Each structure stands twice: as C-alpha cells, then as structure tokens.
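So for the sequence shown, this note's numbering puts the first residue at 48; every next one is plus one.
To start, the structure under review is shown below, and the notes come after it.
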Amino acid sequence: MPSTPPRDVKKRLYEFAKHEYNSKKPVYVEVRKAKGVKTFYRGPVPQLILTKYKPIAYIVFADYDSLGRLYYFNRDGYCIKDTSYSEDALGKIKKHLKKTTIRLLRYPKLKPSPTISEQTVALDEQFAKIIVEIEKITNYKLSSRPIITLNSKAMPLSENILTLLEAKSDFWQLPIDFSALEEKTEILTIKAFDIFFENILKKTPLARKFSFLASMLFLKDRHS
C-alpha cells in the first residue's frame, strides 16, 4: 500500500487540530511530530499503545488547563488512539513532548515576542504621551525631553529604579526588564513631573515636593 503524501498527512492533522480547538475550546491545541521512535517511546506514554500501534509518528495535544488529551497518529495521519491525563501528570507529559517532539502547528497561534526595538519605541511613545498631558495641564512646554532606550547591556533593575532615570543626559538607557514592569507608568509619570518642576524651580527640595504631589494627583485622577 503506497504511503500518503506528506501534504495530505499534514492537512489531516491540521484539520483535526482545528476542529478540536474550535469545537471543544481547550486553552490550546498543538500538532507535534516525533523526533525519533526510541526517544518518544521511553517517555510517560501508555505501553499498550506503543506495542500495538507502532509506529506513532504524530501527536495532537489538547490542553484544557486541568486536563490534557493526547491523540496518537500513524505516519499516514490517521488517529489510532487517544489518552487523557489529569492535572498531576500534565507537567511530565508536556516536558516529554517538548523533549521528544517538534511542534508543527498551534491553535491559537503564538504571537511573536516584540523585539527590543519595538519595546523601545512603545516605551518612549508612552513617555512622550505623559509629557504632552502634563504640558496641557501646566501650560508649560518643555524645550526637550530625554529619549528612552532599552539596552540588553544596561544596568540590571534594582530596588531604586528611579536612580536609573536621572535627567543627566538626553538619553535614558534602561534594562530590557523595565518594559515588563507593572509600575512602569507610575515611574515614568513621576520622572516626567521631576523634569517639569526642575525646569521651573530648578533642582531644589521644593521642586521635588511639588513633583511628588503633582504626580500622585495625576495618577489618582487617571485611576479613578
């Protein structure tokens, strides 16, 4: 019996995975290909399946959060068996699949992680918008502002992150981790007000007090 063309095999697998995702609503569904028979068979999969239905070439894995389901496919793309796994076994199964198989497809598709350049642009634009808002409130326009850049070689985040944002230059080089901080908006707002009041009142204790008070009121208004 002639083997099924690879394109037809993938079509069967992809259609099966898409139907599984659309009809049963798991967290995600993956189509995976076994790297090698021996390595896959050494893992935590039912021995009955392995001995009765060799060789297993493809797997469709559906993750339902507290339950996992594995569908085993032969080389022609036909499902020959399926097994459910409880939450306790999911970690072991996922680890085994990652080690012994290659992901061919995933529903929903994974969004690519933003590049450092994209994160830098987004962060600098956020800071620019805060500056514009403050200019409208204070009726004071800055002649210039620091430009924010993210750098993989920058000093790592510390407890005193505000020290990395001193307006001593036209560029603030921040570690990549800063982009993921939950409180980044608050930090950028505080530093933006620092710049304004240092321009108006110079770098004095009074400027610091006004800056802190104004930033707190600004953030409270935005969160209310």
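Quick reminder that beta carbons are idealized off the backbone N, C-alpha and C, glycines included.
Model, not experiment: these values are computed from the prediction.
First and last residue of the uninterrupted alpha helix (DSSP H) at residue 272: It is not possible to answer for residue 272, since the shown part of the chain is limited to 48 through 271.
Status (buried if at least 16 other CB within 10 Å, exposed otherwise) for residue 272: Any property of residue 272 remains undetermined from this structure, which presents the chain solely from 48 to 271.
Buried versus exposed, by CB contacts within 10 Å (16 or more), residue 251: By the neighbour-count criterion, in which 16 or more other beta carbons inside 10 Å mark a residue as buried, residue 251 falls on the exposed side.
C-beta contact flag for residue 106 and residue 144 at 8 Å: Against a cut-off of 8 Å, the Cβ pair of residue 144 and residue 106 comes out as a contact.
Identity of the residues DSSP links to residue 220 by a beta bridge: Assignment of beta-bridge partners to residue 220 by DSSP yields 196.
Reduced DSSP category for residue 122 - H, G, I as helix; E, B as strand; rest coil: It is coil, neither helix nor strand.
Backbone secondary structure at residue 76 - three-state DSSP: Here residue 76 sits in strand by DSSP.
Three or more C-beta pairs below 8 Å linking the stretch 58-73 and the stretch 144-155: Contact between the stretch 58-73 and the stretch 144-155 is present: 3 or more CB-CB pairs across the two stretches fall below 8 Å.
DSSP-derived helix/strand/coil call for residue 41: The structure shown does not extend to residue 41, since the chain is modelled only from 48 through 271, so no value can be given for it.
Residues sharing a beta bridge with residue 105, DSSP: According to DSSP, residue 105 bridges with 80 and 120.
Among 223, 241, 78 and 190, the one whose alpha carbon lies nearest that of residue 119: If we check each option's Cα against that of residue 119, 78 comes out closest.
Close-in-space but distant-in-sequence residues of the same chain around residue 214 (CB under 8 Å, 5 per side omitted): In this prediction, residue 214 scores a pLDDT of 49, lower than 50, which makes its location untrustworthy; the coordinate-derived value is nonetheless stated afterwards. Here residue 214 has 193, 238, 241, 242 and 245 as same chain residues with Cβ atoms under 8 Å from its own Cβ, once five neighbours each way along the sequence are excluded.
Environment of residue 103 [buried if 16+ CB atoms lie within 10 Å]: Per the 10 Å Cβ criterion, buried.
Pairwise C-alpha distance: residue 171 and residue 229: About 16 Å.
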